[in-house]
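So the structure is just underneath, and the comments pick up after that.
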Amino acid sequence: MSDAIDKPVPFPAAGNISDAEREELRRHGILMTSLEELYNWGRSNSIWPLQFGLACCAIEMIAAATARFDIARFGAEIFRPSPRQADLMIVSGTVTKKMAPQVVRLWNQMPEPKYCIAMGACAISGGPFKQGYNVLKGIDRFIPVDIYIPGCPPRPEALLNGLMELQKQIQGERLTGPDAARHTRPDMPSEFSVPSYGEHDLQPTKNAEVWKPATPLTRSGKG
Amino acid sequence: MLGSGIIKGLAVTAKNFVGSYFVPERMVTEQYPEDRPKLPENYRSFPLLVSETAEDPMGTLRCVACQICEKECPPQCIYIEKSKDKKPDATGKMQLYPVVFAIDTSVCMSCGLCAELCPFDSIKMDQVFEVAATNRFAGLLLNREQLAKSNAYYHSIRPVEAAEVDARLAADRQAAEAKAKAAAAAKAAAAAAKAAAPAAQPAPAPVAEAPKPPSPAA
Amino acid sequence: MEALDQIRDRLLARFSGASVALVTNPGPAAEHSLLLDPAHAREIALFLRDDSALQLDYCSNATGIDWPEKEIVETKKVSVLDPAGGPAKITEEKTKRVEPGCLEAVYHLYSMALRHGPVVIRMRTANRSDKVNLPSLTPVWRSCDFQEREIFDLYGIVFDGHPDLRRLLMWDEFKDHPMRKDYVDPDDFEWEPTPHAGVLDRAKMHYSAPATLAVSAAPQPEVKP
Amino acid sequence: MITAAPAPFGQSSGPTVRRVNDPLHGDLLEVSMGPQHPSTHGVFRMDVTLDGEVIVKLKPVFGYLHRNHEKIAENTSYLSSMPYTDRLDYLCSMSTNWAYAMAVEKLSGQAVPDRAQYLRVILAELTRIVNHACLVGFLFNDLGTSFTPLLYAFREREKIIDLFEALSGSRMMCNYQRFGGCRVDPTPEWLAAASKLVDNFPRFLDEYETMLTGNEILLARTQGVGRLDPKHAVNAGITGPVLRACGVNYDLRKVDAYGFYPRFDFRVPLGEHGDTYDRYMMRILEMRESVKILQQAFKVLPAGPIMDPKAKLRGFRPKPGETYGRLEGPKGELGFYLLSDGTPNPYRYRVRPPSLINLTLLEEMCLGHTVADAVVILGSIDIVLGEVDR
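Chains as they are written, first to last, in numbering that gives the first Met the number 0: chain A, 0 to 222; chain B, 0 to 217; chain C, 0 to 224; chain D, 0 to 389.
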């Protein structure tokens with residue numbers, strides 16, 4: 000059990016009572032919850048990942064699913080081979096430019112609500128292979144990423160930790176109101192344009208809708 | 000008999016299923032968030048910078064900004080800017096120090112070459128692996144304040160290696176002190192002989208063994 | 000196994016008109032090789048495979064190498080007689096010449112039947128731009144199939160007689176040959192927190208500020224004067 | 000998912016089906032299996048043409064994991080490529096490390112101390128065990144057992160991986176070998192633990208075999224499937240267990256006698272039929288031989304240095320020259336071709352990937368079989384995409 004369930008994040012939508020009062024009620028055997036909380040609790044504990052391994056990190060992903068680390072303790076053991084049945088895409092490994100259109104297409108085929116974990120240095124930024132001509136420098140150029148797990152490859156425990164972070168994020172999502180979750184809002188895109196193979200590179204090389212790099216600061220010259 | 004092979008196989012799985020409740024060697028699942036994994040001493044995740052004390056990590060960084068790690072890092076995830084002035088390090092030598100020392104853990108491949116090649120025992124590999132972040136830039140780019148960890152922490156994660164390093168550094172320091180003393184004595188003798196030499200600035204410290212920092216990459 | 004120069008002599012005796020040169024390897028490994036001329040390479044390869052003393056039935060490794068044009072500056076010392084009758088002056092004369100480049104394919108052959116090897120054979124193209132054809136050895140050793148496709152993909156050597164010469168690793172629309180030494184990556188620089196050599200140059204190109212780019216996002220330490 | 004118009008080449012994900020008109024034989028189906036497919040062991044893709052369920056044409060498509068390892072290695076120093084070799088065959092980083100170190104040592108003429116040679120044998124054989132155990136697990140996944148044998152294999156793998164982690168600091172990416180020796184000297188406790196694990200390993204193998212080898216479904220699905228004949232296999236450069244399964248006795252540990260392998264007593268298992276079942280048995284038998292090698296190695300491991308004193312880490316510049324170093328990796332002949340021009344970076348750096356070249360005859364092996372068999376045949380060849388595409 001993750002500690003997220005033992006110590007739930009406060010939900011303002013859960014009514015007018017405070018957490019302490021709710022805890023008090025729970026001690027008396029009265030479980031107070033809101034629909035939103037119940038819905039998020041259910042979703043966060045049955046995340047079905049897409050069975051989709053790219054490279055080295057995929058082996059650690061499989062290791063996380065085997066007996067020793069047992070991702071089933073978090074309800075995420077059902078790896079679906081079809082994107083239509085999956086909630087979570089674990090981009091586990093180097094995304095090459097040749098593979099990038101397929102990854103985006105798989106993402107587009109997944110139904111909402113869907114989440115993406117970039118597992119390992121390669122998926123986040125191209126990692127050790129970022130100097131390569133055929134390596135995409137981060138999957139977040141084309142699809143939005145929720146959790147980044149650095150490491151090369153991350154230990155299975157690190158993947159579980161990332162999964163728990165994602166569960167926390169899901170449990171904190173709102174279904175209504177101005178800051179409602181992305182998947183509840185029809186104006187938010189859920190499918191992204193698939194890049195095509197160009198003569199020298201992918202076209203386009205990034206999706207400006209998705210990719211928001213930090214603003215670089217300039218500072219005094221080096222050396 | 001047809002099917003006997005399958006039945007034998009099922010017997011094995013049944014044995015393992017029952018055994019997974021009673022036989023310790025078949026109980027393999029680690030209850031991860033509650034039970035911490037037992038990391039071996041050699042385990043490496045991301046680099047850290049060793050400072051002598053926890054109170055003043057920036058003042059006592061061992062790093063002298065020689066930029067060897069920056070050059071040798073295979074994925075080039077280290078960024079260093081040298082200081083323009085020098086300040087005394089833990090042993091009292093005047094050394095350069097890194098004004099900026101950043102490691103992009105979103106690129107780092109945890110190979111450990113930086114720690115292996117650092118001649119000052121300054122950069123070492125940490126064992127923290129729970130570093131999942133929601134923002135690639137703010138969460139995964141570590142600057143020198145975040146990278147600096149005290150020597151005590153280094154001892155706590157790698158006791159054997161840290162003890163070795165400390166012994167080596169202490170020996171170096173002693174040798175340096177002895178050398179400095181000898182040099183000072185020689186200088187005093189020379190000064191006494193000349194008798195007129197003005198007491199110049201403090202001796203530029205015995206920097207004989209400090210390797211020459213390579214020229215910046217740019 | 001007989002020595003490489005013996006093999007060469009036998010090949011020269013057998014194939015009149017073929018040129019087979021010995022390329023020596025100065026390194027400690029001393030794996031010398033035979034440079035075949037492309038016109039006879041296929042027959043020679045067949046002979047190497049089927050000859051009873053060699054039986055090189057297994058081509059382990061096939062790879063390409065790029066040798067770009069090199070500009071070589073030679074300095075010659077020339078003594079110029081002084082017309083006035085004085086002593087001859089020695090001046091240095093610099094001559095520039097461009098050594099033509101080529102693409103090279105290298106094959107490592109072993110014999111599984113007789114358990115010896117390697118015999119290294121190599122072929123060179125005439126230049127790097129338009130005459131890049133070499134005979135394919137796939138009909139002789141099937142193991143060259145994917146490897147020659149890879150060389151075609153990454154170096155641009157066209158193997159005549161290859162049954163299925165398509166790009167192996169890059170997509171079909173791709174135009175460049177990325178393993179060549181003069182290949183320049185497409186510029187997809189975005190912003191990297193730890194820029195270095197080539198990336199740093201690119202960063203400067205993209206952000207025209209005179210200063211170099213450095214780390215941001217994380218809180219900045221104070222810069223001491 | 001059936002689409003009327005085929006996607007442009009190289010762009011379809013998942014099976015795209017299109018109809019080809021052929022009045023004599025009815026319709027042929029062209030199916031693109033992969034790059035996202037649960038049983039292609041990564042991002043491998045096969046363009047398959049089917050007559051009913053029978054394969055009439057199969058073209059493998061590569062490059063979905065082409066990470067430009069060779070180009071990166073040519074732009075960096077010899078030492079910096081060492082961690083990249085871990086990521087070639089990410090199930091067996093120790094033996095890939097060794098292959099690269101061996102090639103560089105051959106290039107520069109470096110010696111390796113005895114203890115390091117023994118350690119290399121120990122680690123390479125442990126790697127072979129990990130690889131073969133996992134391969135058998137994956138093979139059964141492809142046969143449809145969905146995970147159970149893989150769980151057993153990974154249980155054993157975790158034990159060996161823990162050893163690698165305790166020694167080298169990383170579970171998978173060991174980065175352990177150096178030119179002229181090894182990086183870390185194992186402690187006596189490590190050696191004792193490893194030796195105990197190896198002694199217990201045959202028990203696991205017996206259990207594994209009881210569970211799997213006699214299984215009627217395995218026999219029915221693998222015997223006579225994907226036959227490879229030795230003559231073609233040699234010509235196509237197939238190496239490793241796949242070659243030996245068709246009866247060709249060619250094991251580089253015996254042929255090249257590299258490292259300290261001549262000092263060990265072990266046999267090379269050979270198959271007879273060259274079918275999928277033989278390839279499966281080859282892995283099981285090789286694991287048993289590896290255990291034998293390991294048991295001998297732990298007994299005779301000498302004390303001493305693990306690094307050649309002349310070896311240096313930084314500023315390593317081999318003399319100009321070229322070399323091809325190869326060893327018997329768990330998947331076949333793993334070779335490194337290096338060309339030095341005297342600078343700190345290799346001028347040409349090439350990996351001879353056994354996984355890629357073992358796929359040369361995939362089409363011939365699959366013709367006439369069904370799609371389900373093609374998956375099993377592919378599984379029995381044992382590929383790792385990091386090495387296929389580099």
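By construction, the Cβ of each residue, glycine as well, lies at the ideal position given by its N, Cα and C atoms.
* Which class does Arg-172 (chain B) belong to by DSSP, given the choice of helix, strand or coil? -> On the second sequence, residue 172 (chain B) is found 173 positions in, with the first residue counted as 1. Arg-172 (chain B): helix per DSSP, three-state reduction.
* Going by beta carbon distance, what residues of the same chain come within less than 6 Å of Ser-167 (chain D), once the five residues before and after it are set aside? -> Sequence index remark: in the fourth sequence, residue 167 (chain D) carries index 168 (1-based). Correct list, in chain order: Cys-173, Tyr-175.
* Asked: In chain B, which residues lie less than 8 Å from Ser-124 (chain A) when you measure between Cβ atoms?
  -> Within the first sequence, the letter at position 125 stands for residue 124 (chain A). Result: Asp-103, Ser-105, Val-106, Arg-135.
* Asked: Do three or more CB pairs link the region 122-132 of chain C to the region 140-148 of chain C at distances below 8 Å?
  -> no
* To do: Taking Met-0 (chain B) as part of the alpha helix (DSSP H), name the residues at either end of that continuous run.
  => Position 1 of the second sequence, counted from the first residue, corresponds to residue 0 (chain B). For Met-0 (chain B), no alpha helix (DSSP H) encloses it, and the DSSP letter there is neither H nor E.
* To do: Quick one: using the 10 Å Cβ neighbour count with 16 as the cut-off for buried, is Ile-380 (chain D) buried or exposed?
  => On the fourth sequence, residue 380 (chain D) is found 381 positions in, with the first residue counted as 1. Buried, by the Cβ-count rule.
* Which residues, in order along the region 49-83 of chain D, keep a beta-carbon less than 8 Å from a beta-carbon of chain A? -> Gly-62, Tyr-63, Leu-64, His-65, Arg-66, Asn-67, His-68, Lys-70, Ile-71, Asn-74, Pro-82, Tyr-83
* Nearest-angstrom Cα distance between Glu-20 (chain A) and His-27 (chain A)? -> Numbered from its first residue, the first sequence carries residue 20 (chain A) at position 21. Numbered from its first residue, the first sequence carries residue 27 (chain A) at position 28. Distance between the alpha carbons of Glu-20 (chain A) and His-27 (chain A): 11 Å.
* Asked: In chain D, which residues lie with their C-beta within 7 Å of the C-beta of Thr-28 (chain B)?
  -> Within the second sequence, residue 28 (chain B) is the residue found at index 29, counting from 1. By Cβ distance, chain D contributes nothing, its closest Cβ being about 10 Å from Thr-28 (chain B), past 7 Å.
* To do: Return yes when the Cβ of Asn-67 (chain D) is within less than 8 Å of the Cβ of Arg-269 (chain C), no when it is not.
  => Nothing about residue 269 (chain C) can be reported from this structure: the residues present for chain C run from 0 to 224 only.
* Taking Cβ positions, are Gly-258 (chain D) and Thr-95 (chain D) nearer each other than 8 Å? -> Taking the fourth sequence and counting its residues from 1, one reaches residue 258 (chain D) at position 259. Taking the fourth sequence and counting its residues from 1, one reaches residue 95 (chain D) at position 96. In this structure, Thr-95 (chain D) does not lie closer than 8 Å to Gly-258 (chain D) by Cβ.
* **Per-residue DSSP class, three states only, for Asp-231 (chain A)** => The shown model of chain A, from 0 to 222, leaves out residue 231 (chain A), and the question about it has no answer.
* **Leu-218 (chain D) classed as buried or exposed, judged by whether at least 16 other C-beta atoms fall within 10 angstroms** => Stepping through the fourth sequence from its first residue, residue 218 (chain D) is reached at position 219. Exposed.
* Pull up the distance between the alpha-carbon of Lys-253 (chain D) and that of Leu-326 (chain D), whole angstroms please. => For this step, residue 253 (chain D) is matched to residue 254 along the fourth sequence. For this step, residue 326 (chain D) is matched to residue 327 along the fourth sequence. Cα-Cα distance, rounded: 10 Å.
* Asked: Hey, is the region 158-168 of chain C in contact with the region 370-386 of chain D, meaning 3+ C-beta pairs nearer than 8 Å?
  -> no
* How many angstroms separate the CA atom of Pro-37 (chain D) from the CA atom of Thr-275 (chain D)? -> Residue 37 (chain D) sits at position 38 when you count from the first residue of the fourth sequence. Residue 275 (chain D) sits at position 276 when you count from the first residue of the fourth sequence. Using only the alpha carbons, I get a separation of about 20 Å.
* Contact test: Asn-357 (chain D) Cβ vs the ligand GTP heavy atom, cutoff 7 Å -> For the ligand GTP, the structure offers nothing, since it holds no ligand at all.
* Asked: At what residues does the beta strand (DSSP E) containing Asp-65 (chain C) begin and finish?
  -> What you label residue 65 (chain C) is simply residue 66 of the third sequence in a count that begins at 1. Counting along the chain, the beta strand (DSSP E) containing Asp-65 (chain C) begins and ends at 57-66.
* To do: For Cys-101 (chain C), name the three-state secondary structure that DSSP assigns.
  => Taking the third sequence and counting its residues from 1, one reaches residue 101 (chain C) at position 102. If DSSP states are grouped into helix, strand and coil, Cys-101 (chain C) belongs with the strands.
* CB-CB under 7 Å to Gly-303 (chain D), same chain, minus the five flanking residues each way: which ones, in chain order? -> Here the question's residue 303 (chain D) lines up with position 304 in the fourth sequence. Contacts found: Pro-112, Asp-113, Arg-114.
* In whole angstroms, what separates the C-alpha of Ile-89 (chain A) from that of Ser-17 (chain A)? -> Within the first sequence, numbered from 1, the residue matching residue 89 (chain A) stands at position 90. Within the first sequence, numbered from 1, the residue matching residue 17 (chain A) stands at position 18. So the two alpha carbons sit approximately 36 Å from each other.
* **Contact list for Pro-185 (chain C) against chain A, beta-carbon separation under 8 Å** => In the third sequence, counting from the first residue as 1, residue 185 (chain C) sits at position 186. Proximity of chain A to Pro-185 (chain C) at the Cβ level (cut-off 8 Å) is accounted for by Tyr-132, His-199, Asp-200, Thr-204, in chain order.
* Please confirm whether Phe-73 (chain A) and Pro-48 (chain A) have their CB atoms less than 8 Å apart. => Here residue 73 (chain A) corresponds to residue number 74 of the first sequence, with the count starting at 1. Here residue 48 (chain A) corresponds to residue number 49 of the first sequence, with the count starting at 1. No. Outside cutoff.
* Proximity to Arg-282 (chain D) [Cα-Cα], best of D:Val-267, D:Ala-296, D:Ser-107 -> Position 283 of the fourth sequence holds residue 282 (chain D). When each option's Cα is compared against that of Arg-282 (chain D), the closest is D:Val-267.
* Under 8 Å, do Pro-218 (chain B) and Lys-148 (chain B) count as touching if we go by C-beta distance? -> With chain B covering 0 to 217 only, the question about residue 218 (chain B) has no answer from this structure.
* To do: Determine the direct distance from the alpha carbon of Phe-265 (chain D) to that of Gly-225 (chain D), and round the result to whole angstroms.
  => As a working mapping, residue 225 (chain D) is identified with position 226 in the fourth sequence. As a working mapping, residue 265 (chain D) is identified with position 266 in the fourth sequence. Their Cα atoms are separated by approximately 28 Å.
* Residue range of the unbroken beta strand (DSSP E) whose run includes Gly-331 (chain D) -> Against the fourth sequence, residue 331 (chain D) aligns to sequence position 332. Annotation: the continuous beta strand (DSSP E) that includes Gly-331 (chain D) extends over 331-339.
* Pull up the DSSP beta-bridge partners for Asn-132 (chain C), would you. => In the third sequence, counting from the first residue as 1, residue 132 (chain C) sits at position 133. Asn-132 (chain C) is bridged to C:Val-157.
* Asked: Looking at the C-beta of Phe-282 (chain D), does it have a partner C-beta in chain B at a distance below 8 Å?
  -> Here residue 282 (chain D) is taken as the residue at index 283 of the fourth sequence, counted from 1. With the sequence shown as reference, residue 282 (chain D) is identified as Arg, and Phe is not the correct amino acid for it. Arg-282 (chain D) does not count as touching chain B.
* Asked: Below 8 Å, can you find three or more Cβ-Cβ pairs linking the region 94-109 of chain B to the region 122-130 of chain A?
  -> yes
* Asked: Is the region 328-345 of chain D touching the region 92-106 of chain D in the sense that three or more CB pairs, one from each, lie closer than 8 Å?
  -> yes
* Asked: Would you call Asn-248 (chain D) buried or exposed, if buried means 16 or more other Cβ atoms sit within 10 Å of its Cβ?
  -> Against the fourth sequence, residue 248 (chain D) aligns to sequence position 249. So Asn-248 (chain D) ends up on the exposed side.
* Asked: By a C-beta neighbour count over all protein chains shown, 10 Å radius and 16 as the cutoff for buried, is Pro-97 (chain B) buried or exposed?
  -> Counting from 1 along the second sequence, the entry for residue 97 (chain B) is found at position 98. Classification of Pro-97 (chain B): buried, given that the 10 Å Cβ count is 16 or more.
* **8 Å Cβ cutoff, Leu-3 (chain C) in contact with chain D** => As a working mapping, residue 3 (chain C) is identified with position 4 in the third sequence. No, its Cβ sits nowhere closer than 8 Å to a Cβ of chain D.
* **First and last residue of the uninterrupted alpha helix (DSSP H) at Tyr-207 (chain D)** => Here residue 207 (chain D) is taken as the residue at index 208 of the fourth sequence, counted from 1. DSSP places Tyr-207 (chain D) inside the alpha helix (DSSP H), whose first and last residues are 187-211.
* To do: Taking C-beta pairs closer than 8 Å, name the residues in chain A that Pro-177 (chain C) reaches, listed in chain order.
  => Here residue 177 (chain C) refers to the residue found at position 178 of the third sequence. What Pro-177 (chain C) touches in chain A: Tyr-132, Asn-133.
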